[in-house]
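Chemist:
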Amino acid sequence: MQLKVVTSGTASAAVDDSLGILISEKIASRIANKDATVWGKDAEAESSIRLGWVSSAKDSLSLIESIISLREKFSSRGVSRFVLCGMGGSSLAPEVITKTYGVDLVVLDSTSPDQVSAALAEDLSRTAVVVSSKSGSTVETDSQKRVFEAAFTNAGIDPRERIVIVTDPGSPMQKAAAADGYQIFESDPTVGGRYSALTAFGLVPSGLAGVDVAELLTQASSAMELLSKDSKDNPAFVLGAALARTPGEMGFRDKIGIVEDGTSISGLGDWIEQLVAESTGKLGKGILPVVLDLKSAELSSGLADLVAVHIQQDAKPIAGDSVSVSGSLGAQLLLWEYATAVACYLLGVNPFDQPDVESAKIAARAMLENIDGPQDPEKIIEGIGVSSLGFSTSGTSISEVIASLTNLVDADLGYLSIHAYLDRSGLPQAPSLRDQFANKLKRPVTFGWAPRFLHSTGQYHKGGPKQGVFLQLVSASDFDLGVPGREFTFGELIASQAAGDAKVLSDLGRPVLTLILQDPKNAIQEISKAI
């Protein structure tokens, strides 16, 4: 499948205007040579330790033998079910890889007690767990590891025979796992989480689940030479310019709508979303990715601040201000990493830091350390608790309360972002709210499962342009699950993460409406009616 990027309309104008500077400054070859000076002096220190992804397709070949050997070992012991415990970049790449290859992988990227419990409920006798954390100190992943350790032990299974650790060398998790005798895959410490698709973080869970990871790396390797060329034919130059410099009525278009349009790749938009949002969204700048389908309202609303990006089997021109991208999955993973780095150069931001992700973590920890029982909502309407920060709600119905938030969406540049602190596996109907809001507002609407989005798009919402209004959906179910060896439960953890993020958003001047759902399934139906 040929790696190709085709532009139409104003997106083509962006490419024409940007190619000269990209070629003359040798941006592609400098990235390929791991030149940390590309993004300016302020970014140099971080860039100097974050460019390993450029050669990951070849550097990771050494992992294949160990992955296959472990997979065969598990198979000989009757292990056929694999669970991945990871957040953000540690889970999104394996999810798109396994979905595209058609193999099963249970992705546990949540602290929802219901979702954690569901992952534990399946047959542990045939289950192995991959615990992935780059820093080795992620509270969500540590909590998931602890609960699986206890579950295996209670089932009479040695956790060391079933839990595999993926982390950076020398991390707290690596040191603890080595002392405890776990199987460990150490990832390249010079690759940041969102650029780690072609490292151990993407390959170990995917390979154990049954993906031909050697083929994936071959696909990516085949694109390395093309993406390193300072040429008008470099698809990373074309895509990066279209992302960062497509003109519109209000200046450069700062939102992209990602659409799977006849491609055999499944779920790539979710991975692109975190890569682009977390890399670009800072210093009041950024590109907001919105994952869409062909029927989404954003594509037919004539939005002057959005560029449609179609992922196709064979890229071809599309009417309007749009981009079409095609290529094998491995090649596209590397393409999008290059293109995002190019877009960050054009925007003038550091693609490798994430200053506002940490702020939400700090706030959540503070909330967790001062738990004194659940906070009462400001009011209860139609059985749904209502709280707000940064603005005041009005009305006596859920419809009116929601309207008090959505009325704040700027008609030219604004967007609504829905953050669902809910059970992703048990509430598949929740994302349909995105389409309903988009149809009503005729503005971009994003939907993020929480708390996983805190490790990805959360950076954009806080550090990017001040355009968003935020709707939190939080479960108040009576069911809860303790975290072994900790003084908090999963329910308390996810509630603290919601409250902490709401506070940080509000402190930055972003309005937040929180709807507290005692019965999430019925409440989503009521919210749907209210829209």
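Counting in our numbering, the sequence shown runs from 39 upward without gaps. By construction, the Cβ of each residue, glycine as well, lies at the ideal position given by its N, Cα and C atoms.
#1: Thinking C-alpha only, which one of SER430, ALA401, LYS320 and ALA404 is nearest VAL387?
#2: Locate the beta strand (DSSP E) running through THR484, then write down its first and last residues.
#3: In chain order, what residues of the same chain have a beta carbon less than 7 Å from the beta carbon of VAL542, not counting five sequence neighbours either side?
#4: Which residues mark the beginning and the end of the alpha helix (DSSP H) in which GLY423 is found?
#5: Candidates LEU236, ALA568 and ALA449: which alpha carbon is nearest GLY90's?
#6: Rounded C-beta distance between GLU224 and THR205? I'm assuming under 8 Å.
#7: Can you list, in chain order, the residues of its chain with a C-beta nearer than 6 Å to that of LYS559? Leave out the 5 residues immediately preceding and following it.
#8: Quick check on DSSP: helix, strand or coil for GLN467?
#9: So, GLN505 versus ASP448, is the Cβ gap smaller than 8 Å?
#10: Quick check on the DSSP output: what are the complete beta strand (DSSP E) runs of length 3 or more inside the segment 522-561, in order along the chain?
#11: Which stretch, first to last residue, makes up the beta strand (DSSP E) that contains ARG119?
#12: Ends of the beta strand (DSSP E) at LYS267?
#13: Start and end of the beta strand (DSSP E) containing VAL329?
#14: Going by other Cβ atoms of all chains shown within 10 Å of its Cβ, with 16 needed for buried, is LYS183 buried or exposed?
#15: Check this for me: beta carbons of SER381 and ILE325, under 8 Å apart or not?
#16: Beta carbon of TYR139: closer than 7 Å to some heavy atom of the ligand SAH?
#17: Please go through the same chain and pick out, in chain order, the residues whose beta-carbon is closer than 6 Å to the beta-carbon of ILE554, but skip the five residues on each side of it.
#18: If you check the beta carbons only, do PRO355 and SER362 fall under 8 Å apart?
#19: With a threshold of 16 other CB atoms inside 10 Å of the CB of LEU306, please say whether the residue is buried or exposed.
#20: Rounded to whole angstroms, what's the CA-CA distance from SER150 to ALA216? Just pull it up for me.
#21: For SER181 and VAL169, what's the separation of their Cα atoms in angstroms?
#22: Is there contact between the segment 340-352 and the segment 288-305, where contact requires at least three CB pairs shorter than 8 Å?
#23: One question on the structure: do ALA66 and ASN192 come within less than 8 Å of each other, judged by their Cβ atoms?
#24: For LEU367, which residues from the same chain have a beta carbon less than 6 Å from its beta carbon, with the 5 sequence-adjacent residues on both sides left out?
#25: Alpha carbon to alpha carbon, how far is LEU281 from ALA156? Give it in angstroms, no decimals.
#26: Taking the alpha-carbon of MET262 as reference, which of ARG198, LEU130 and ASN71 has the nearest alpha-carbon?
#27: With 16 as the cutoff for other CB atoms within 10 Å, does GLY208 come out buried or exposed?
#28: Just verifying my parser: in three-state terms, what is the DSSP assignment at ALA568?
#29: On the DSSP letters alone, give me the boundaries of the alpha helix (DSSP H) that HIS499 sits inside.
#30: Going by Cα to Cα distance, which pick from LEU130, GLU110, ARG232 and VAL185 is closest to GLN153?
#31: Could you pull the DSSP bridge partners for SER513 from this structure?
#32: Given a cut-off of 8 Å, decide if ILE440 and ILE569 are closer than it, judged by their beta-carbon atoms.
#33: Buried or exposed, going by whether 16 or more other CB atoms sit within 10 Å of the CB of LYS172?
#34: Of all the options GLY523, LEU41, SER46 and GLN40, which has the alpha carbon lying nearest to the alpha carbon of ALA357?
#35: So, with DSSP's three-state summary, where would you put LYS213?
#36: Quick check: ASN450 and THR48, are their CB atoms within less than 8 Å of each other?
Modeler: With the given structure in hand:
#1: LYS320
#2: 483-487
#3: SER397, ALA398, ALA401 and LYS500
#4: First-last for GLY423: 422-427, but that is the beta strand (DSSP E), not the alpha helix (DSSP H).
#5: LEU236
#6: 7 Å
#7: none
#8: coil
#9: yes
#10: 550-555
#11: 119-123
#12: Here LYS267 belongs to no beta strand (DSSP E), and DSSP marks it neither H nor E.
#13: 326-330
#14: buried
#15: For clarity, residue 381 is Ala in the given sequence; the question names Ser instead. Contact flag set, yes.
#16: For the ligand SAH, the structure offers nothing, since it holds no ligand at all.
#17: PRO415, GLY423, VAL512 and ALA514
#18: yes
#19: buried
#20: 28 Å
#21: 10 Å
#22: yes
#23: no
#24: THR138 and ILE303
#25: 39 Å
#26: ASN71
#27: exposed
#28: helix
#29: 496-501
#30: VAL185
#31: LEU555
#32: yes
#33: buried
#34: SER46
#35: helix
#36: At residue 450 the sequence reads Asp, which differs from the Asn that was named. Their beta carbons are not under 8 Å apart, which means ASP450 does not touch THR48 by this criterion.
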